[in-house]
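This report concerns only the one structure given below.
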Amino acid sequence: MPYEYRFMLNASLETVWYSWTQPAVMRRWVSCPDFWQCISAQNELIEGGAFQFELHGRNEKWSRSIEGHYSRIKAFREIHFCIQKQLLGSIFINRKTTGTEVIFSLSGHQLPFTDQPLDVEGLLARFIVECEVSCLIVPDATLLGRVRNRIHQQ
Numbered sequence: 639m640p641y642e643y644r645f646m647l648n649a650s651l652e653t654v655w656y657s658w659t660q661p662a663v664m665r666r667w668v669s670c671p672d673f674w675q676c677i678s679a680q681n682e683l684i685e686g687g688a689f690q691f692e693l694h695g696r697n698e699k700w701s702r703s704i705e706g707h708y709s710r711i712k713a714f715r716e717i718h719f720c721i722q723k724q725l726l727g728s729i730f731i732n733r734k735t736t737g738t739e740v741i742f743s744l745s746g747h748q749l750p751f752t753d754q755p756l757d758v759e760g761l762l763a764r765f766i767v768e769c770e771v772s773c774l775i776v777p778d779a780t781l782l783g784r785v786r787n788r789i790h791q792q
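Residue numbers (our numbering): 639 to 792.
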């Protein structure tokens, strides 16, 4: 059963894209603070490229590697992905006069490696905070330009 979340962000399209795609930023919002944190994130943002998150539990007895790949990417517009060969997801990003609209969908709320539900709302809430706080600390414009050029070249 697919789930869809729509929300507006008080952030630029570039900031939203940056927050969703840059490993150092992803580590901050891909977490479940009461139970686990992301200690490592890797991201090869090309069609067919892979991503990986290393998660460690707060009790240090639990750890998991979450892997996936990208099936379709339109720079600064949309990303389609698959997690653990089972969950299909997508994110669409649209510039609006009032901010940036984000549409996120996921095929299920169950991660394949656990019987615990996936806290999608919590992840998205941390993503929203990351985007809106990042507006206060604007990433270097040349960095965004290099990211945009790299994506367009691939």
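Beta carbons are placed, not taken as given, at the ideal position from N, Cα and C, and that holds for glycine.
Asked, Found
"How would you write the range of the beta strand (DSSP E) that W674 sits in, first residue to last?", "W674 to N681"
"Taking the alpha carbon of I711 as the point to measure from, which residue in Q680, S728, W667 and N697 has its own alpha carbon closest?", "S728"
"Which runs of the beta strand (DSSP E), 3 residues or longer, sit entirely within the stretch 654-732?", "674-681, 688-695, 701-712 and 716-721"
"Count the other C-beta atoms from every protein chain shown that fall within 10 angstroms of the C-beta of Q791, then say buried if there are 16 or more, exposed otherwise.", "For Q791, the predicted model reports a pLDDT of 41, less than 50, meaning its position is unreliable and no value from the coordinates is stated."
"Tell me the rounded alpha-carbon separation between V771 and M646.", "14 Å"
"Here's the rule: buried if 16 or more other CB atoms are within 10 angstroms of the residue's CB, otherwise exposed. What is Y643?", "exposed"
"Would you report the Cα separation of Q722 and R696, rounded to the nearest angstrom?", "22 Å"
"Less than 8 Å between the CB atoms is what I'm expecting for C670 and D757, so what's the real figure, rounded?", "6 Å"
"Distance check for E739 and A713, CA to CA, integer angstroms please.", "15 Å"
"Nearest-angstrom Cα distance between R733 and L651?", "6 Å"
"Beta carbon of F730, beta carbon of G706: below 8 Å?", "no"
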